[in-house]
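First comes the structure, then the notes that go with it.
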Amino acid sequence: MENIRSPIVVTVGHVDHGKTTLLDCIRGTAVTKLEPGELTQHIGASFIPKKVIENISKDLLQRMKISIEIPGLLFIDTPGHAAFVSMREKGCNVADLAILVVDINEGFKEQTHESLKILKEYKVPFVVAATKIDKIPGWKIQATTSFLQSISKQSDDTIEELDKRIYLIVSSLAEYNFDSERFDRVTNFTKQIAIVPVSSISKEGIAELLAILAGLSQRFLKERIKCSDKARGIILEVKEVKGLGLTLDVILYDGKLKREDYLIVGGKEPIVTKVKALLLPRPLQEIRVERKFINVDEVRAAVGVKVVAQNLENAIAGMPIRATKDEKEIPRLIEEVRIEKYVEFEKDPNGVIIKADTIGSLEALVKILREANIPIRKADIGNITREDLVEGELIQDKYRKVILAFNIRADEQTINEAKNFGLKIFSSNVIYRLIEEYEQWVEEEKRKDVEAKLAVLPRPVKLRVVPGAIFRSSKPAIFGVDVLEGTLKPGVRLKRENKVVGSVKEIQSEGRTIPQAIKGERVAISIEEAIVGRNVFENDILISDLNREDVEKLKEVFDYLRDDEKKLLIEICRS
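The opening position of the sequence shown corresponds to residue -10 in my numbering, with each subsequent residue numbered one higher.
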C-alpha cells in the first residue's frame, strides 16, 4: 500500500480519570517492545509503529493471515475528544476508527450511550474494548498480552462469568441495532462489531486489539488512508508555552506541513499566518512532564505536532487548519475553513442560542436540535459573551429565551447577567443531558403557565344533587353534590336542562371552605340565585355553563386537562 498514512484512532466511552487507561496500557506496551530512540513521539497523540504491532500480535496475525501494510496506528491521547468524534471534512470523519471502551463489570454508562450515539450518527467504524477483565471473579492474570492465550488458562466458571458480561454488552449494542460478538466468534467483520476483552493493568488482550484495528484499517479503509499533497489538520488544543507564546497542538491527517508554510486557521474570521516552527517531543519523554522539544523542518500525516506561529489569539480547539506554499491559494483555503462551511442551519429569530467548545461539538448539537425540532437563532463556539446576551434579549418566545452551552463553563456572574437580559443558561458536558434538561424545563414552564391559566378559567364540571342533603333552600341555597366529572370551582355558572341555575359562591368540605373539588368528591356548595324546589331538585344533574370564550381558552390548554375534563368538555361543545 503506497502513499498511505497511519489510521487515526480515537478512544471514547469509559474513562478512569487518574487511573491507568487503555491508552496508557497501549503506550506502555509499545515502549517495552522498542529499542531506545525507536519510538516516535507525537504531540497530543501516541504512535504505535508497524514493528510494534507485529511484535506484540505476531501469533494472532499469523493465525488471521494478516500482513501489516500500514505504517502504524495513531491514537489520540485525549480520551473521547469530541472534536475527533464529530469533526468532519466535507462529509468525512477525521477519526478513521474508534475504540468504544466499556467496563466489562459495569456495562453501559451514561457516557457510553453518549459516545455510541455520536459514533452511530457520524458512521465512525469502531470496536469495543471490554476492559477490566482482571476484575472478573476468579480471573487469574497471565503473563501475556494475548487474550486467547490467557482465556485458555482460566477456569470454566470464570469463562462463563466473562461470557455473561460480554452478552450484556451485546444486548446493549443491539438496542442501537448493532450486531456484535466476541472478536474470535465474529463471522463477518463488515456486519458485526468486534468485542475485545482487555485489561489495562495486566495488558491481556492488547495483542488482539491492535491486530484487529490494523486488520480492519487496511482491509476496509484503503481509500480513506491514502495521502494527498494538501496539508489538512485539526486543532486539538491551543496552549501557552513559555518562551514560545501561544501554540497549536495539531493533528495533521493529510499531506505534509513545512516550516514557513502559510497557515490558515478556520473560524468565523479565519486566521492567516506563517508556520514559524514545528515541534515534536524528544523520544521516550512524556510531553506533560518534560517540556523540551525537537525542532523539525516538516512533518507528514498522520502526526501530532506543536505548531508555533503568530496571531493565534482567536484560535479555537476543534477548528480545521490548512497550509500552503502558494500565496495564491490562501483566498480559496480561507473560504474552505470558514465556520459556516461546517455548521449549517436555518436561522429562526425565535430560536435558542447555542454555544460549544469546538466546531465538532457545535455541529453535533445543531444536528440533535434539528432532529428535536428546536429552532436555532445563533450557533457559535467559545464562551458566552455580552453579544450573545444582547441577541438573546430579542427572542420573543419565552420558552426559547435560553443559551444552551456544551462543554462551556458559565460562572455566577454570567448566569446573573443573563437573568438581567431575561435569559436562562443551561450547561453540560453531555449533549443529550443538555437537551433533556432544557426540554424538561420547557415542559415545567409550560405546566406552570397552564396552571396559571387554569387557575382563572372556569372548568367543565358535572354534578349530581345529593338526596337528603339540602341545608338551605335559598339566599343562598346550600346543598350537597357529588362531582361526577370534571373540576368544580367557585364562580362557575351551573345549568340544569340548559337553564342557568346560578354561579357557585362557595365550596365546603367537612365545614371548611376549599378552592375546588374534583371527580369522585362529595362537597357542599352555595348558590345565591338558586331556589331548591323551584330551579334545583334532589338528584338533579348540573353542568357548567361555559361561554364561547371560556371554551376557546380551555381548548388552548386541552392537553393539560384530566381525561374526565376532556371528555366532558367535548360533550359540552357538542350540546
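Positions of the beta carbon are idealized from the N, C-alpha and C atoms, including for glycine.
C-alpha gap between residue i and residue j, whole angstroms
i           : j           : result
residue 112 : residue 302 : 33 Å
residue 243 : residue 290 : 5 Å
residue 246 : residue 219 : 9 Å
residue 388 : residue 428 : 9 Å
residue 344 : residue 123 : 41 Å
residue 232 : residue 268 : 13 Å
residue 548 : residue 151 : 49 Å
residue 304 : residue 51  : 47 Å
residue 454 : residue 466 : 12 Å
residue 170 : residue 320 : 49 Å
residue 10  : residue 117 : 15 Å
residue 64  : residue 38  : 11 Å
residue 176 : residue 161 : 20 Å
residue 351 : residue 334 : 11 Å
residue 54  : residue 224 : 37 Å
residue 557 : residue 86  : 59 Å
residue 95  : residue 423 : 24 Å
residue 434 : residue 396 : 25 Å
residue 483 : residue 499 : 22 Å
residue 476 : residue 409 : 39 Å
residue 542 : residue 446 : 8 Å
residue 374 : residue 110 : 30 Å
residue 486 : residue 448 : 18 Å
residue 540 : residue 164 : 45 Å
residue 250 : residue 97  : 45 Å
residue 41  : residue 60  : 11 Å
residue 456 : residue 473 : 15 Å
Burial state of residue i, where buried means 16 or more other Cβ atoms lie within 10 Å
i           : result
residue 308 : buried
residue 478 : buried
residue -6  : buried
residue 174 : exposed
residue 73  : Legend: pLDDT at residue 73 = 49, less than 50; position of this residue unreliable, value from coordinates given subsequently. So residue 73 counts as buried.
residue 366 : buried
residue 146 : exposed
residue 524 : buried
residue 402 : exposed
residue 101 : buried
residue 394 : buried
residue 126 : exposed
residue 349 : buried
residue 559 : exposed
residue 278 : Any answer about residue 278 is weak, because its pLDDT of 41 lies below 50 and its placement is not dependable; what the coordinates show is given next. Under this definition residue 278 is an exposed residue.
residue 283 : exposed
residue 35  : buried
residue 236 : buried
residue 230 : exposed
residue 276 : For residue 276, the predicted model reports a pLDDT of 40, less than 50, meaning its position is unreliable; a value from the coordinates is still stated below. Classification for residue 276: buried.
residue -4  : buried
Pair within 9 Å by beta-carbon distance, residue i and residue j
i           : j           : result
residue 561 : residue 535 : yes
residue 381 : residue 407 : yes
residue 296 : residue 264 : yes
residue 212 : residue 248 : no
residue 442 : residue 538 : no
residue 452 : residue 471 : yes
residue 222 : residue 239 : yes
residue 158 : residue 119 : yes
residue 88  : residue 2   : yes
residue 450 : residue 481 : yes
residue 0   : residue 90  : yes
residue 340 : residue 384 : yes
residue 469 : residue 519 : no
Which residues DSSP lists as bridging residue i, in chain order
i           : result
residue 515 : 467, 495
residue 64  : -2, 35
residue 270 : 282
residue 483 : 491, 533
residue 571 : Outside the shown range of the chain, which is -10 to 564, sits residue 571, and nothing can be said about it.
residue 260 : 254
residue 295 : 238, 268
residue 395 : 345, 417
residue 186 : 119
residue 502 : 497
residue 289 : 245
Below-9 Å beta-carbon distance, residue i vs any chain D residue
i           : result
residue 409 : This model lacks chain D altogether; it includes just one protein chain.
Check: residue i C-beta below 8 Å from any heavy atom of the ligand ATP
i           : result
residue 159 : No copy of the ligand ATP appears in this structure; indeed no ligand is present at all.
Practice task
Report yes or no: do three or more beta-carbon pairs, one from the region 313 to 326 and one from the region 347 to 360, lie closer than 8 Å?
Solution key: Counting Cβ pairs under 8 Å, fewer than three are found: no touch.
Problem - Contact the region 209 to 227 vs the region 180 to 199: 3+ CB pairs below 8 Å - result: Output reads no: the region 180 to 199 does not touch the region 209 to 227.
Practice task
Would you check if the region 387 to 405 and the region 124 to 143 touch, i.e. whether three or more CB-CB distances between them fall below 8 Å?
Solution key: Verdict: no, contact absent.
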